[in-house]
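The structure under discussion appears below in the form of structure tokens.
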Amino acid sequence: MKPIMIKRICVDVAMTVVLLFLMAYELVGQATHEWLGITMFVLFVIHHVINGKWCGSILKGRYTPLRVWQTLLVALVLLSMLGSMVSGIILSRHLFTFLPISGGRAFARSLHMIAAYWGFVWMSLHLGLHWNMMTGMAGRLFQKPSAARTWALRALALAIAAYGVYAFVKREVGSYMLLRIQFVFFDFEEPLVFFLLDYMAVMGLFVFLGHYFAGLLRRRGRGRKRL
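Take any residue in the sequence shown, count from 1 to its spot, add 403: that is its number in the numbering used here.
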């Protein structure tokens, strides 16, 4: 495997782990949450530096349906990241208290919630775009292809996505995304691992949707080429 690919995978895995812990907010503590936010921003910058070639070619070449979707997701992730950082600095109670910021906390709180939860969805969908690459790399660990293994993994993915729907409703993620609930509820008696597992399932749901939606767009792009 090429060194650049190893770097990309390491950064992407780190971003995924940090993202899950960021969603735990009060369960990990406010100061830890702020440090995780800074870590996520740094990883986000590194991610784009590593993928600088893609960013540099954004205005070049033909736009297929898949490329349009990919570019849109990147833009939405960027907006979510900026919204989270700006609102997070305004709301900071630990790392950025030295800044002369006064007022705007109510707006910043709403912005932070929208940016965090929509950003979680956009990033998960974006991860689904590259799931083919991840499964291809995992497939190389086995000497021979296996139809049974393939169908077993598909069944597992479907099961995770199905539970992800339940966790999405249970954790009221949709209500937070639409600001129907102004404050996030945390059960401090619940073990952190259970919270993270539910959010991993929600992430899995959107990775699943992103993966199959990307496949649909790929087939549509090939159909246009034949025409």
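We put the CB at the ideal spot given by N, CA and C, even for glycine.
Which class does residue 429 belong to by DSSP, given the choice of helix, strand or coil?
-> helix
Apart from the five residues just before and just after residue 411, which ones in its own chain have a Cβ nearer than 6 Å to its Cβ?
-> 453
State the DSSP-derived secondary structure class of residue 533, mapped to helix, strand or coil.
-> coil
Quick one: using the 10 Å Cβ neighbour count with 16 as the cut-off for buried, is residue 571 buried or exposed?
-> buried
Quick one, are the C-beta atoms of residue 562 and residue 608 less than 7 Å apart?
-> no
Considering only C-alpha positions, which residue in the set 596, 598, 532 is nearest to residue 610?
-> 532
What residues in its chain sit with their C-beta under 8 Å from that of residue 433, if we drop five residues either side in the sequence?
-> 496, 497
Whole angstroms is fine: what's the gap from residue 499's alpha carbon to residue 581's?
-> 28 Å
Is the CB-CB distance between residue 525 and residue 476 below 7 Å?
-> yes
Tell me whether the beta-carbon of residue 520 lies closer than 7 Å to the beta-carbon of residue 579.
-> yes
Starting from the C-beta of residue 447, find all residues in its chain whose C-beta is less than 6 Å away, skip the five residues before and the five after it, and write them out in chain order.
-> 484
Determine the contact status of residue 595 and residue 423, defining contact as a CB-CB distance below 7 Å.
-> no
Hey, out of 418, 523, 459, 511, whose CA is closest to residue 443's CA?
-> 418
Secondary structure of residue 483, DSSP reduced to three states | helix
Where residue 604 falls, given that 16 or more other Cβ within 10 Å makes a residue buried = buried
Pull up the distance between the alpha-carbon of residue 478 and that of residue 556, whole angstroms please.
-> 31 Å
Outcome for residue 516 when other beta-carbon atoms lying within 10 angstroms are tallied against a minimum of 16 | buried
Would you kindly work out how many angstroms separate the C-alpha atoms of residue 435 and residue 481, rounded to a whole number?
-> 23 Å
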